[in-house]
Amino acid sequence: MMSFNLREAILQNISGHNAQQVEATIQDAIQSGEEKMLPGLGVLFEVFWSQADENEKDKVISEIAQGLNS
């Protein structure tokens, strides 16, 4: 049985994208509202998180918490 690594498949699919393409991917995923897009957004967030410094992480955490509580 072949194993399928969703994270790797998503990364291969978006590797080499420029900022405009990444933005379009995010916008499409959010606007479509399709659950199948959620793993892709998760992988993009993971890429951001692994590159972010503590200040960027704190800002994102605060923005998410504010969005959840508004």
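Numbering-wise, the sequence shown is residues 72 to 141 according to my numbering. Cβ coordinates follow ideal geometry from the N, Cα and C atoms, glycine included. It should be emphasised that the depicted structure is a prediction, and the values quoted were computed from it without experimental measurement.
Exercise. Can you list, in chain order, the residues of its chain whose CB lies under 6 Å from that of M108, leaving out five sequence neighbours each side?
Worked result: Taking C-beta separations shorter than 6 Å and ignoring five residues to either side along the sequence, the partners of M108 in its chain run A100, following chain order.
For this session: Answer yes if the stretch 85-98 comes into contact with the stretch 127-140, meaning at least three C-beta pairs across the two stretches below 8 Å, and no otherwise.
Result: With a cut-off of 8 Å, the stretch 85-98 and the stretch 127-140 do not count as touching, because too few Cβ pairs lie within range.
Exercise. In terms of residue numbering, what span does the alpha helix (DSSP H) encompassing F75 cover?
Worked result: Here F75 belongs to no alpha helix (DSSP H), and DSSP marks it neither H nor E.
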